[in-house]
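J.:
Chains as they are written, first to last, in my numbering: chain A, 4 to 176; chain B, 27 to 208.
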């Protein structure tokens, strides 16, 4: 009896330790997006400061970098210059699009006037587009290939190296 | 007269129809991604009034607020959760079922968004392990109780002789105790 109890106890303990090891080895903030590998959900949103509606379909045929951000988000300020620089450097091949999440038009315009931009910035007033893309905390960036399929997603602020690394995936034929 | 009228109208209609198909749309209509594209047409009945509010709270209670610590969408006051609650309400009002709504959110956020994990993959452990642990505990308790209820083995008792007579040493002790009481 004692031996059996010991073996069963050891097996249960090993299973629990194994599960904990797998769980603790993962970064809880990094959740794989189920959207990677799927077609990007279509949307058409108003461009900030205008009444012009810009739809994702308009950019079909070239890779798209879709960046969800907000002016109240510190890391978004941090990555903005890298995004603008990358958009300028890849102007001919890649379309960058910003989608502002849970913010006010006035603050967005102030931010863009002060810090500059090189691509359209759209306003997600209802938050529905962010929800369809599974956005939790900004910044979150999706990389779409020329067919409109999501090939990569990055959570958090990006720098030039991260943008280029993910762009390579989006630009693969 | 009718023939003349038709002769005038038909080419006009044809021209209009061709123009309609060939004119590029100046701008797409504004809109967020629609749930119907991902989970199909609504399978339930559209809800209104108090029933809609109640179901919104119930379905929101099954979804995790992505920016909160262990709070459901129904209970969180964050803007993110409020947006998600509005989305749930709008979908229920259109007749989407609870299953369709959960599928829609899971499609965007993954299983992380479901407060009640699905019975599949590694998640099965979440359901199986507590039941298994309980069953093992019950077996151990039952085993121990049975063992305690077993009468002591006769041969092991030093107070009774094989013939069933009392141990002389014990009889002597009893005698002494009785003598002491007197």
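Glycine included, each C-beta is placed from N, C-alpha and C at the ideal position.
Being a predicted model, the structure only gives us computed values, none of them experimental.
Quick one: does residue 15 of chain A have its CB under 9 Å from some CB of chain B?
T.: yes
J.: Can you list the residues of chain B that residue 22 of chain A reaches, using a CB-CB cut of under 9 Å?
T.: 148, 151 and 155
J.: Can you have a look at residue 49 of chain B and say buried or exposed, based on whether 16 or more other CB atoms are within 10 angstroms of its CB?
T.: Confidence at residue 49 of chain B is low in this model, with a pLDDT of 38, below 50, so its placement is unreliable and no value can be given for it.
J.: Check whether the Cβ of residue 62 of chain A lies closer than 9 Å to any Cβ atom in chain B.
T.: No, residue 62 of chain A does not count as interfacial toward chain B.
J.: Work out the CA separation of residue 164 of chain B and residue 42 of chain A for me, nearest whole Å.
T.: 51 Å
J.: Quick one: which unbroken alpha helix (DSSP H) runs of 4-plus residues sit fully inside the region 61-128 of chain A? Chain order, please.
T.: 77-92 and 108-118
J.: The beta strand (DSSP E) that contains residue 58 of chain A, what's its start and end?
T.: 56-58
J.: Secondary structure at residue 192 of chain B, three-state DSSP: helix, strand or coil?
T.: strand
J.: Report the three-state DSSP secondary structure of residue 79 of chain B (helix, strand or coil).
T.: helix
J.: Determine the burial state of residue 20 of chain A: buried for a count of at least 16 other Cβ atoms within 10 Å of its Cβ, exposed for fewer.
T.: Its Cβ having fewer than 16 others within 10 Å, residue 20 of chain A is exposed.
J.: On the CB-based measure, 16 or more other CB atoms within 10 Å of its CB, does residue 2 of chain A come out buried or exposed?
T.: Look at the range of chain A in this structure, 4 to 176, and you will see that residue 2 of chain A is not part of it.
J.: With DSSP as the reference, please indicate the residues paired to residue 171 of chain B in a beta bridge.
T.: DSSP lists no partner for residue 171 of chain B.
J.: Rank A:60, A:111 and A:96 by C-alpha distance to the C-alpha of residue 79 of chain A and give the top, closest one.
T.: A:111
J.: Counting only Cβ-Cβ distances shorter than 8 Å, please list the residues of the region 84-109 of chain B near chain A, keeping chain order.
T.: Correct list: 92, 93, 105, 106 and 109.
J.: CB residue 68 of chain A to CB residue 114 of chain A, shorter than 9 Å?
T.: no
J.: Round the Cβ separation of residue 149 of chain A and residue 40 of chain A to the nearest angstrom and send it over; I've been treating them as touching at under 8 Å.
T.: Between residue 40 of chain A and residue 149 of chain A the Cβ distance is about 15 Å, and since that is not below 8 Å, they are no contact.
J.: Are there 16 or more other CB atoms within 10 angstroms of the CB of residue 79 of chain B, so buried, or fewer, so exposed?
T.: exposed
J.: Measuring alpha carbon to alpha carbon, tell me which of B:66, B:74 and B:132 ends up nearest residue 88 of chain B.
T.: B:132
J.: Where does the unbroken alpha helix (DSSP H) through residue 120 of chain B begin, and where does it stop?
T.: 105-120
J.: Inspect the CB distances between the region 103-115 of chain B and the region 153-164 of chain B and report whether three or more fall short of 8 Å.
T.: no
J.: Please report the distance separating the alpha-carbon of residue 167 of chain B from that of residue 24 of chain A.
T.: 30 Å
J.: Should residue 133 of chain A go down as buried or exposed, given a rule of 16 or more other Cβ atoms within 10 Å for buried?
T.: By the Cβ neighbour-count rule, residue 133 of chain A is buried, with 16 or more other Cβ atoms within 10 Å of its own.
J.: Any chance the region 69-85 of chain B sits against the region 114-124 of chain A, with 3 or more Cβ pairs inside 8 Å?
T.: no
J.: For residue 190 of chain A, count neighbouring C-beta atoms within 10 Å of its own C-beta (all shown protein chains included) and say buried if the count is 16 or more, exposed if not.
T.: Only positions 4 to 176 of chain A appear in the structure, and residue 190 of chain A is not among them; the question remains open.
J.: Leaving out the 5 sequence neighbours to the left and right, which residues in its chain are closer than 8 Å to residue 170 of chain A when beta-carbon positions are compared?
T.: 66, 68, 89, 93, 97 and 146
J.: Between which two residues does the alpha helix (DSSP H) carrying residue 6 of chain A extend?
T.: 5-27
J.: Which of the three DSSP states, helix, strand or coil, is assigned to residue 150 of chain A?
T.: The answer is coil: DSSP assigns residue 150 of chain A none of H, G, I, E or B.
J.: Per DSSP, what are the beta-bridge partners of residue 48 of chain A in this structure?
T.: A:57
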